[in-house]
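Just so we're aligned: the sequence shown equals residues 560 to 926 in our numbering.
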Amino acid sequence: MQTENNITGAEFLSDLNVLLSTSVGLNRNVKLALKKLGEHERADQVYIVSINHDMTFTISEEWTRTGVSVFPESGEKCGFYYDRKLEQDLERDNYIYIRDINDVTNESLKNIMQATGVNCAIFLPLYISSHLFSFLCLSRCHHEEPWSGDEIAFLVQVASVLSGALEKELILRKLVKHHALYQDFVENRVDYILRLNRHLHISFSNKTFYSLFGDSPDDIIGSRIGELMTEMDISSKKLEEVVKFPEDLLTFNAKVMRDDEVVFIEWYAYPVRLDRDHTEIHLVGHDVTRFKEMERELTLLKTELQTFSETMYPMWKSIKDNLSGENEIGNNESFDNLSQKAMAFNRLYEELLSKIGYKFVANAYRS
């Protein structure tokens with residue numbers, strides 16, 4: 560296929576591919592590509608229409624010879640114009656070619672084409688994963704000559720090149736987004752992440768961990784993990800042996816000094832085989848300092864409560880014996896205000912004992 564400027568179809572496709580591959584910015588490049596294609600094909604309108612999953616459509620990119628948009632932006636979604644005959648054409652030919660607007664059975668679509676002065680139009684599918692359907696659309700308003708079979712075959716190739724560029728850009732955007740999310744997860748969402756070689760020397764540290772020791776990962780890279788952690792509840796040998804058991808997840812606790820503060824870390828270790836002769840040990844750690852402090856406080860409270868109970872029990876037993884003795888001799892008048900307070904104390908203390916432990920409850924009922 561030869562163009563007006565003596566450029567073959569292959570050369571045009573090559574130029575188009577180069578244009579879409581430059582790093583200026585895909586949106587700008589697509590606009591230039593649509594302009595180049597419109598002038599090449601003597602089209603009056605070239606645009607990319609995307610059918611969304613809610614059966615509305617949007618015009619993502621557009622070029623018109625007059626500079627006037629086919630669908631002026633209104634801020635509202637436009638409903639998809641469905642035409643059964645055009646769907647059958649798409650299923651048969653893998654493109655939609657409207658040679659005459661009188662062939663269109665959907666009145667809304669026909670009215671739009673009449674309002675924009677379209678004589679003929681072609682819709683070529685773009686295989687982009689972000690939408691239900693996407694089409695490269697070309698229409699002629701003042702040039703009534705239809706597209707030939709060779710020209711349509713060429714346009715199918717153009718759509719393929721454009722589709723590849725758009726899908727590549729979509730994948731790159733997803734990759735950048737996911738990489739940013741991964742970096743944020745590693746640096747800020749997980750407490751500590753380390754990678755060790757077989758001899759437990761650190762080869763990678765996230766910011767959360769190396770910040771315990773300095774401002775740069777270089778402050779700890781190459782160090783042996785045992786040099787940084789003052790106490791580990793497993794031996795270094797056991798941690799080294801984790802590479803022999805790839806299915807196991809090893810859990811251990813360690814302490815790290817941060818200035819004058821002790822940080823308690825619970826670690827999960829597992830091996831990652833990078834190749835046949837290279838295995839790393841990955842560590843994911845969580846700061847459990849707050850929980851350790853709570854455990855220590857609970858232990859102290861338990862000890863204090865135990866001491867209190869053992870001290871108070873003889874006093875409680877003495878009060879109960881005295882009150883029981885007075886009741887047995889029938890001296891009801893002795894239950895004055897003080898005695899009632901003592902009985903109230905007795906009930907409350909029994910309740911306290913029931914919450915402390917079974918030994919004290921047993922003693923209370925035996926007495």
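We put the beta carbon where it would ideally sit given N, CA and C, even for glycine.
Identify which residue in the options has its Cα closest to the Cα of residue i.
| i | options | result |
| --- | --- | --- |
| R601 | T810, T625 and S573 | T625 |
| V608 | S707, L685, F804 and F694 | F694 |
| N765 | Y751, R757, G708 and A680 | Y751 |
| N665 | L714, A901, D642 and D652 | D642 |
| M816 | G773, R835, Y829 and L808 | G773 |
| S573 | K595, K590 and L729 | K595 |
| L668 | K644, M871, A724 and F804 | K644 |
| L771 | K814, V577 and F804 | K814 |
| V663 | R651, D652 and N678 | N678 |
| N812 | E799, I793 and N661 | I793 |
| L809 | Y829, E799 and V821 | Y829 |
| L714 | H599, L725, T866 and V735 | H599 |
| R832 | R757, E728, V720 and R849 | R757 |
| Q742 | T767, V802, N670 and D818 | T767 |
| V821 | E799, V847, D648 and V589 | V847 |
| S868 | K736, L575, D652 and Y908 | Y908 |
| F571 | R651, T623 and A718 | A718 |
| I711 | I681, L860 and V629 | I681 |
| R835 | V802, Q865 and E863 | V802 |
| G638 | I618, D778 and S628 | I618 |
| I936 | E650, Q647, L649 and T675 | No information on residue 936 is available, as it lies outside the stretch 560 to 926 that the chain covers here. |
| F630 | N905, G708, I671 and Q647 | I671 |
Go to residue i, then tell me how far its beta strand (DSSP E) extends in each direction, as first and last residue.
| i | result |
| --- | --- |
| K814 | L809 to R817 |
| L685 | C679 to L685 |
| F763 | I761 to S764 |
| E620 | T615 to T623 |
| S707 | Where S707 is concerned, there is no enclosing beta strand (DSSP E), given that its DSSP letter is neither H nor E. |
| L753 | Y751 to L755 |
| S698 | F692 to R699 |
| I998 | Look at the range of the chain in this structure, 560 to 926, and you will see that residue 998 is not part of it. |
| I779 | Neither: I779 is in no beta strand (DSSP E) and is coded neither H nor E. |
| Y606 | Q604 to I610 |
With a cut-off of 8 Å on the beta carbons, I'd call residue i and residue j a contact; round off their distance for me.
| i | j | result |
| --- | --- | --- |
| F823 | K851 | 4 Å |
| E806 | L755 | At roughly 19 Å, the Cβ-Cβ gap does not stay under 8 Å, so E806 and L755 are not in contact. |
| L842 | L787 | At roughly 12 Å, the Cβ-Cβ gap does not stay under 8 Å, so L842 and L787 are not in contact. |
| L579 | A592 | 6 Å |
| E726 | Y686 | 7 Å |
| Y769 | S762 | Going by Cβ atoms, the distance from Y769 to S762 rounds to 12 Å, so no, they are not a contact pair. |
| E799 | L759 | 6 Å |
| V720 | N576 | 5 Å |
What are the boundary residues of the alpha helix (DSSP H) that includes residue i?
| i | result |
| --- | --- |
| S795 | S795 to E799 |
| E1003 | Residue 1003 is absent from the structure shown; the chain starts at 560 and stops at 926. |
| R643 | R643 to D652 |
| S667 | E666 to A674 |
| I784 | I784 to L787 |
* Asked: Can you give, in chain order, each stretch of the beta strand (DSSP E) that sits fully within the region 835 to 868 and has at least 3 residues?
  -> 837 to 846
* Any contact of the region 696 to 706 with the region 603 to 617, i.e. 3+ C-beta pairs under 8 Å? -> By the Cβ criterion, the region 696 to 706 is in contact with the region 603 to 617, since at least three pairs of Cβ atoms, one from each stretch, lie closer than 8 Å.
* For the region 849 to 864 and the region 774 to 785, state whether three or more C-beta atom pairs, one from each stretch, are separated by less than 8 Å. => Fewer than three beta-carbon pairs drawn from the region 849 to 864 and the region 774 to 785 are found closer than 8 Å, and the two stretches are therefore not classed as touching.
* **the region 608 to 619 contacting the region 647 to 667, beta-carbon criterion three pairs below 8 Å** => no
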